[in-house]
Amino acid sequence: MQIEVLFFGSLKDITGEASLLLADAKDTDTVQEQLQKRYPALAAAKYFTALNKEMITANKTLREGDTVALMPPFSGG
Amino acid sequence: MKETKHKNIFVNGAIPAEKIAADIQKHADKTGIGAHSIFLGQVRADEKEKGKVVAIEYTAYEEMAQEKMHAIRESLFAKHDLSCMHVHHSLGAVKAGEICLFVFVSSPHRAAAIKACEELVEAIKFELPVWGKEILDTEQSVWKENR
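Protein chains in written order, with the numbering used here: chain A, 1411 to 1487; chain B, 8 to 154.
As structure tokens, then:
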């Protein structure tokens, strides 16, 4: 199973890339753990998570082709 | 005259003053309208610790922002007696003194346009996945934070 992870704003400075593919993440908590291992600075960053463009606040099970977005606090306008 | 289709709110670079005048003119034939409320966001040359802001570079999660904007639009149309609503937000670099946000709300009577415009601007600031990076005159940059 493959899912896509997107990074925005200041998080892109931490990861150095706008997106990546993860193969073995069964839920959004697992995504977070894997990413924090890969990018330790993420642990200290403040961000929201969206699953398929919907904001989530709790752990969600993932399906093939899902998109998880990590978004720092918004600063538009 | 309710608008339900998804409209692209993003424009590349600054919003020219001429567009604002032209958009007002476009509403001249919508004679049921009695009030327009317009909000313009301008890039401020703030003094930061590391330098002075010369521009803001905007990026967005565009697909999510368009969907969210659609939901905000629907809820404001349900709540207020509005004729139409238009939002234009810059992406990319906008220099200090230039316009980065143009919000245009119209209604038969003033109260609805004024209230909806204010609510819309707040929603744009706090609910749309858009980020501004402040570019400083020292060639450094800091991520903007909305208050």
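Backbone N, C-alpha and C fix where the C-beta goes; we use that ideal spot for every residue, glycine too.
According to the DSSP assignment, B:Met92 belongs to the beta strand (DSSP E) that extends over Cys91 to Lys102. Among the residues of chain B, those whose CB is under 7 Å from the CB of A:Lys1463 are Glu70, Met71 and Glu74, following chain order. By the CB criterion at 9 Å, B:Ile31 and B:Ile16 fall outside the cutoff.
Excluding sequence positions up to five before and after B:Lys102, its CB lies within less than 6 Å of the CB of Ala62, all in the same chain and listed in chain order.
Between A:Met1465 and A:Ala1435, the C-beta spacing is not below 9 Å. Only His96 and Cys107 from the region 83-107 of chain B bring a Cβ to less than 8 Å from some Cβ of chain A.
The three-state reading of DSSP puts B:Gln49 in strand, counting E and B together. In the DSSP annotation of this structure, the continuous segment of the alpha helix (DSSP H) that includes B:Ala78 starts and ends at Glu69 to Lys86. Beyond the five residues adjoining it in sequence on each side, B:His93 comes within less than 6 Å, by CB distance, of Phe111 in the same chain, given in chain order.
Proximity of chain B to A:Ala1460 at the Cβ level (cut-off 7 Å) is accounted for by Met71, in chain order. The Cβ-Cβ distance between A:Gly1486 and B:Gly58 does not fall below 9 Å. For A:Ala1479, the enclosing beta strand (DSSP E) begins and ends at Thr1477 to Met1481. For A:Thr1438, the enclosing alpha helix (DSSP H) has its first and last residue at Thr1438 to Arg1448. The three-state secondary structure of B:Ser114, taken from DSSP, is strand. The straight-line gap separating the alpha-carbon atoms of B:Phe109 and A:Tyr1457 is approximately 27 Å.
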